[in-house]
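Top line first, the protein sequences correspond to chains R and F.
If you count by full-length UniProt numbering, then the first sequence holds residues 1 to 471, one letter each, in order.
If you count by full-length UniProt numbering, then the second sequence holds residues 1 to 471, one letter each, in order.
Number of protein chains: 2
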Amino acid sequence: MERALEMVDELAADFVHLLRDGVRIPSVSNEIERHDDVCAMGAFVAQLARDRGADSVLVVDDLGKLENGNPIPPVVLAQWGSDPAKHTLCVYGHYDVMPAAVEDGWEHQADPFELVEKDMDGIGTVLFGRGSTDDKGPLLGWFCALQAMQAAGMALPVNLKLVAEGREEAGSEGMDKLVSTHPFFKENVDMFCISDNYWLGGFPCITYGLRGFCGMNVTVTGPERNLHSGIFGGLVVDPYLQVIQLLQSLTDAQGDIVIPSVLEDVQEVTDEERELYEAIHFDPESWRRESGLPHIKGDSKVDVLMRRWRFPSLTIHGIEASSPMNATIIASSVSARFSVRLVPDMDPAVTFEKIKAHLEQHFASLPGKNRLDVSMTYGARAFVSDWHHYNFASAHAAVKDVYHVEPEMTREGGSIPVSLVFQNTGRNVCLLPIGDFDGNAHGPNENISKKNFLQGIKLFVAYMHHLGKAQ
Amino acid sequence: MERALEMVDELAADFVHLLRDGVRIPSVSNEIERHDDVCAMGAFVAQLARDRGADSVLVVDDLGKLENGNPIPPVVLAQWGSDPAKHTLCVYGHYDVMPAAVEDGWEHQADPFELVEKDMDGIGTVLFGRGSTDDKGPLLGWFCALQAMQAAGMALPVNLKLVAEGREEAGSEGMDKLVSTHPFFKENVDMFCISDNYWLGGFPCITYGLRGFCGMNVTVTGPERNLHSGIFGGLVVDPYLQVIQLLQSLTDAQGDIVIPSVLEDVQEVTDEERELYEAIHFDPESWRRESGLPHIKGDSKVDVLMRRWRFPSLTIHGIEASSPMNATIIASSVSARFSVRLVPDMDPAVTFEKIKAHLEQHFASLPGKNRLDVSMTYGARAFVSDWHHYNFASAHAAVKDVYHVEPEMTREGGSIPVSLVFQNTGRNVCLLPIGDFDGNAHGPNENISKKNFLQGIKLFVAYMHHLGKAQ
């Protein structure tokens with residue numbers, strides 16, 4: 001393995017070149033006019049798998065149509081080795097990216113899709129370009145790891161499967177069905193690894209949890225039509241006001257959920273878990289400043305991190321009324337959209353029913369004869385992996401080899417739906433980020449430092465090495 | 001006078017014809033492409049004043065420019081007589097109308113600007129067309145009254161001034177300044193009469209009050225940018241939620257204002273006033289049904305009417321966030337727009353300051369370090385006329401002559417800004433409606449019954465007659 005790690009440094013220029021070629025294809029999945037570029041990027045990945053000697057490369061391009069009429073971009077399934085004596089690792093990446101225009105504030109280049117190397121004080125060389133850290137850097141990193149091992153004459157320690165999709169940033173249509181039905185995921189997969197998130201700070205980490213999601217709509221309907229607020233104001237119970245009373249009843253002054261039935265579903269924090277949080281390097285105050293927040297809830301590092309990862313939160317996303325925005329009208333109907341980020345053991349359907357019951361009960365106590373409708377838009381359970389699995393132990397050992405520190409065990413406050421899809425196959429799923437927290441994924445000046453990119457490739461080599469030895 | 005009233009019936013066909021000619025000019029003031037039609041309607045009114053023998057007709061067309069670059073449509077000032085022994089009455093009408101398209105639901109004609117006579121069960125002939133009741137019917141009614149008096153050889157009992165504007169439905173730009181500066185309104189005006197509102201039900205009324213208005217914006221600003229609700233949810237105090245907490249603090253569960261300092265400004269109801277309310281023919285339940293309301297606040301007829309005219313009400317008009325509507329984002333900034341309908345003795349600036357102080361105090365009690373901004377958009381005092389003035393007594397006597405009943409003394413829940421403008425000159429202002437409540441002003445199928453139109457013309461004749469005798 002040592003030789004393979006050395007080869008990563010020797011081949012560094014080739015690897016940056018490969019990332020440059022990948023970034024150059026503007027595979028923006030939610031811009032309809034970029035559809036051909038997305039498909040071209042899929043072909044690029046498939047060809048790369050062939051070039052790296054995959055035993056089989058399958059380009060799945062019959063996944064159905066998108067709402068806009070285009071076919072779902074192909075999912076590339078590649079496989080190296082099928083030795084029954086070895087574990088089989090399935091790694092995931094996505095080759096699509098978010099939109100990017102230089103006007104959004106890209107400071108280092110004239111074209112966000114043209115990778116730029118820039119020396120930054122105290123960091124070294126940074127690679128700027130859309131997709132550099134999300135997720136072309138990590139995805140192509142796996143091919144770089146293969147190349148380094150092949151150059152070093154190192155045998156593949158595992159059977160390796162790779163799945164690359166082109167629709168992650170726009171809804172991952174087709175992935176759920178593909179994973180649950182295709183033999184590629186059913187046969188000989190022992191564990192999954194996803195590299196599609198980031199370090200919490202400047203410290204390597206392994207991610208074992210993600211919050212889930214429960215999106216809801218609440219609508220109050222009153223009079224048959226919008227009303228003149230002069231003629232009718234004071235006579236009807238304003239649907240707008242009732243929506244506000246309902247929303248207000250969900251949280252306390254600080255914005256924390258107060259519905260007892262909902263809170264009772266939240267798993268109790270264990271001592272072991274608390275130790276994981278205490279070990280994490282995180283300074284709430286500097287994080288607050290860097291994030292542009294006027295304040296931050298939570299009394300301590302552990303409290304802040306638990307609020308972020310370990311407890312549910314409620315956000316109001318918008319309110320829409322039947323009346324035009326700037327008219328002095330009483331709206332006949334008003335809808336609010338809000339969501340709850342879920343944690344174990346909350347079930348989205350159960351959380352929805354409990355909040356619905358609370359809203360209905362509260363609404364029944366209000367005067368008037370307006371109508372209440374509560375509906376759910378989308379739900380997903382929280383993801384928590386078994387971090388005692390040898391998948392995590394291997395990642396842990398790899399971090400120690402490459403970075404010479406104990407990795408932090410992190411969660412994320414958001415969700416990566418494919419994690420749950422993989423977990424539903426019954427296999428262990430580990431999230432192994434290589435990009436730093438300041439990579440500006442989805443924003444302008446997206447980047448990965450050259451050091452993180454190369455160390456990430458080494459991490460993948462070491463991870464496979466340790467998986468190969470794991471029982 | 002009797003002969004003049006008879007002449008109204010004899011000239012009925014001519015009067016309907018005049019209204020048809022007026023309706024045919026599509027003088028929609030808030031459609032920029034109709035500007036020439038609006039000006040043509042102004043010229044039509046000016047010519048009509050000359051045809052009816054006005055001593056002077058002034059077309060004021062140098063009132064400045066609208067925001068869209070067009071000149072403000074002309075205000076027509078006409079005068080009949082200047083006998084120092086007579087009272088001088090100034091009547092007001094507007095010759096512009098709201099937009100109308102047959103697709104909006106006009107059922108009786110192919111063109112809303114082509115007056116249609118239709119026999120309706122239990123009502124008789126109804127005149128359908130945009131402007132028929134708001135406000136071309138009443139405005140042209142004054143010219144019809146003049147024509148009837150002239151045909152009957154009846155001397156004009158008052159010096160008559162007429163002001164007709166073409167911008168009432170779109171902001172009345174220029175009127176405030178014109179009334180406060182032009183000699184036409186300063187010299188020899190003893191009282192004003194406005195016919196631009198409607199009966200409460202099927203019963204003639206005189207209107208002495210209108211609610212005022214205080215529009216406000218409240219904005220809570222939090223983090224520097226919109227935030228991912230997964231990553232930041234639970235850590236920041238959501239500006240959306242704080243706006244909701246602030247709005248919720250303004251009213252009780254029924255939606256009635258609860259800020260003591262604001263309520264203490266509301267004038268106490270006198271016994272005399274209460275008697276006026278008790279005399280009004282009004283059935284809350286049938287009004288509720290006809291208005292398409294699921295419920296109505298108020299325990300009795302008087303309570304309902306007072307809620308509509310005599311007490312302030314608060315309406316939320318809209319909430320806007322810095323985040324896109326359907327994204328799972330915590331908005332960095334959220335603004336709500338709401339208004340309070342004012343009654344005597346509320347002052348808009350004072351009401352604003354009191355609500356602002358309440359919001360600031362409440363906000364200070366909330367956790368977090370977000371910022372609050374409260375601003376006022378537009379304010380107008382409530383209008384209440386002295387209904388003991390001989391202006392009202394004359395209107396009262398005229399109603400008895402024409403309809404053989406005691407008129408109801410009504411207010412309106414909304415505002416007609418020009419009423420306050422006239423009142424600010426120090427003269428008495430009376431609102432004398434002739435259209436019934438179901439005339440659908442601003443909506444499709446706008447109409448005035450032929451009976452109401454002709455009786456309204458008679459009302460104007462009788463009103464001037466009684467004013468002529470008043471001390």
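In this text, a Cβ means the ideal position worked out from N, Cα and C, and glycines have one as well.
Exercise. For the beta strand (DSSP E) that contains lysine 297 of chain R, what are its first and last residues?
Worked result: From DSSP, lysine 297 of chain R is part of no beta strand (DSSP E); its letter is neither H nor E.
Problem set entry | For leucine 247 of chain R and alanine 40 of chain F, the rounded distance between their alpha carbons | Distance between the alpha carbons of alanine 40 of chain F and leucine 247 of chain R is about 52 Å.
For this session: In angstroms with no decimal places, state the Cα-to-Cα distance between aspartate 21 of chain R and lysine 458 of chain R.
Result: Approximately 21 Å between the Cα atoms of the pair.
Exercise. Any idea if alanine 100 of chain F is buried or exposed, counting beta-carbon neighbours within 10 angstroms, 16 or more meaning buried?
Worked result: Classification for alanine 100 of chain F: buried.
Exercise. With contact counted as at least three CB pairs below 8 Å, one residue from each stretch, are the segment 291 to 307 of chain R and the segment 213 to 220 of chain F in contact?
Worked result: Flag = no, the segment 291 to 307 of chain R and the segment 213 to 220 of chain F do not touch.
Exercise. With C-beta atoms as the reference, is residue 529 of chain F less than 8 Å away from glycine 212 of chain F?
Worked result: Past the boundaries of the shown model lies residue 529 of chain F; chain F is included only from 1 to 471, so the question cannot be answered.
For this session: For methionine 409 of chain F, write down the residues that DSSP places opposite it in a beta bridge.
Result: Residue pairing of methionine 409 of chain F in beta bridges, as defined by DSSP: F/Ile206.
For this session: Return the first residue and the last residue of the beta strand (DSSP E) that arginine 274 of chain F is part of.
Result: First-last for arginine 274 of chain F: 271 to 278, but that is the alpha helix (DSSP H), not the beta strand (DSSP E).
Problem set entry | Near-chain R residues of the segment 433 to 452 of chain F (beta-carbon distance less than 8 Å), N- to C-terminal order | Going along the segment 433 to 452 of chain F in chain order, one finds no residue with a Cβ nearer than 8 Å to chain R.
For this session: Could you name the residues of the same chain whose beta carbon sits closer than 7 Å to that of histidine 466 of chain R, not counting the 5 residues immediately before and after it, in chain order?
Result: Cβ within range, chain order: Ser394, Ala397, Ala398.
Exercise. Counting only beta-carbon atoms, is glutamine 361 of chain F nearer than 8 Å to chain R?
Worked result: Taking 8 Å as the threshold, the shortest C-beta distance from glutamine 361 of chain F to chain R does not fall below it.
For this session: Find out if the Cβ-Cβ distance for the pair asparagine 445 of chain R, glycine 222 of chain R is shorter than 8 Å.
Result: Taking 8 Å as the Cβ cut-off, asparagine 445 of chain R and glycine 222 of chain R do not qualify as a contacting pair.
Exercise. Hey, out of R/Gly124, R/His362, R/Arg130, R/Gly69, whose CA is closest to alanine 253 of chain F's CA?
Worked result: Taking only the C-alpha atoms, the option nearest alanine 253 of chain F is R/His362.
For this session: For my contact list, proline 239 of chain R and alanine 364 of chain R are in at a C-beta cut-off of 8 Å; report their separation, rounded to the angstrom.
Result: Rounded, the Cβ-Cβ distance is 16 Å, inconsistent with contact.
Problem set entry | Proximal residues of chain A, C-beta to C-beta of methionine 325 of chain F below 8 Å | Here chain A cannot be found, since the structure's protein chains are R and F.
Problem set entry | Limits of the unbroken beta strand (DSSP E) element including tryptophan 80 of chain F | From DSSP, the beta strand (DSSP E) with tryptophan 80 of chain F extends over 75 to 80.
Problem set entry | Contact under 8 Å by Cβ, glycine 233 of chain R with arginine 310 of chain F | Here glycine 233 of chain R is not near arginine 310 of chain F, since their CB atoms are 8 Å or more apart.
For this session: Determine the extent of the alpha helix (DSSP H) in which histidine 362 of chain R is found, giving its start and end residues.
Result: First-last of the alpha helix (DSSP H) with histidine 362 of chain R: 348 to 364.
Exercise. Between the segment 362 to 392 of chain F and chain R, which residues of the former have CB atoms less than 7 Å from a CB of the latter, in chain order?
Worked result: For chain R, the residues of the segment 362 to 392 of chain F that bring a beta carbon within less than 7 Å of one of its beta carbons are Leu366, Pro367, Gly368, Lys369, Asn370, in chain order.
Exercise. Looking at the unbroken alpha helix (DSSP H) that takes in isoleucine 457 of chain R, where does it start and where does it end?
Worked result: From DSSP, the alpha helix (DSSP H) with isoleucine 457 of chain R extends over 450 to 469.
For this session: Could you tell me whether any Cβ in chain R is nearer than 8 Å to the Cβ of isoleucine 259 of chain F?
Result: No, isoleucine 259 of chain F lies away from the interface with chain R (no Cβ there is under 8 Å from its Cβ).
For this session: Give every residue of the same chain whose Cβ lies closer than 7 Å to the Cβ of lysine 451 of chain R, excluding the five residues on either side of it in the sequence, and list them in chain order.
Result: Result list for lysine 451 of chain R: Gly124, in chain order.
For this session: Taking 8 Å as the threshold, find out whether the segment 121 to 137 of chain F comes into contact with the segment 90 to 98 of chain F through three or more Cβ pairs.
Result: Contact holds: three or more Cβ-Cβ distances are below 8 Å.
Exercise. Just how far apart, CA to CA, sit leucine 115 of chain F and leucine 127 of chain F?
Worked result: C-alpha separation (whole angstroms): 6 Å.
For this session: Going by DSSP, name the residue or residues bridged to phenylalanine 185 of chain F.
Result: Checking the DSSP bridge columns, you'll see phenylalanine 185 of chain F has no partner listed.
For this session: Would you mind working out which of F/His317, F/Ser286, F/Ser261, F/Met409 sits nearest threonine 207 of chain F, comparing C-alpha positions?
Result: Here the closest residue by C-alpha is F/Met409.
Exercise. Where does the unbroken beta strand (DSSP E) through alanine 393 of chain F begin, and where does it stop?
Worked result: Looking at the DSSP string, alanine 393 of chain F is not in any beta strand (DSSP E); the run it does join, the alpha helix (DSSP H), is 390 to 403.
Problem set entry | glycine 379 of chain F - containing beta strand (DSSP E), residue span | Membership of glycine 379 of chain F in the beta strand (DSSP E) is indicated by the continuous run 371 to 380.
Problem set entry | Under 9 Å from the C-beta of glutamine 267 of chain R: neighbouring residues of chain F | Within chain F, no residue comes near glutamine 267 of chain R; the closest Cβ sits about 16 Å away, beyond 9 Å.
For this session: Could you tell me which residues DSSP puts in a beta bridge with cysteine 164 of chain F?
Result: In the sequence on display, residue 164 of chain F carries alanine and not cysteine. Beta-bridge pairing links alanine 164 of chain F to F/Val76, F/Gly93.
For this session: Look at the alpha carbon of asparagine 188 of chain F and the alpha carbon of threonine 88 of chain F, and state the distance between them as a whole number of angstroms.
Result: Answer to the nearest angstrom: the Cα atoms are 6 Å apart.
Exercise. Does the segment 276 to 286 of chain R touch the segment 275 to 291 of chain F, meaning 3 or more C-beta pairs lie closer than 8 Å?
Worked result: The segment 276 to 286 of chain R and the segment 275 to 291 of chain F do not touch, with fewer than three beta-carbon pairs separated by less than 8 Å.
Problem set entry | Top-ranked residue by Cα proximity to leucine 454 of chain R, from R/Ala12, R/Gly122, R/Arg3, R/Leu305 | With distances taken between Cα atoms, leucine 454 of chain R lies closest to R/Ala12.
Exercise. Going by other Cβ atoms of all chains shown within 10 Å of its Cβ, with 16 needed for buried, is tyrosine 307 of chain R buried or exposed?
Worked result: Reading the sequence as shown, one finds arginine at residue 307 of chain R and not tyrosine. Its Cβ being crowded by 16 or more others within 10 Å, arginine 307 of chain R is buried.
Exercise. Among all the DSSP beta bridges, which residues are the ones paired with cysteine 430 of chain R?
Worked result: Among the bridge pairs identified by DSSP, cysteine 430 of chain R is matched with R/Cys193.
For this session: Give the straight-line distance between the Cα atoms of glutamate 2 of chain R and aspartate 83 of chain R, rounded to the nearest whole angstrom.
Result: Answer to the nearest angstrom: the Cα atoms are 23 Å apart.
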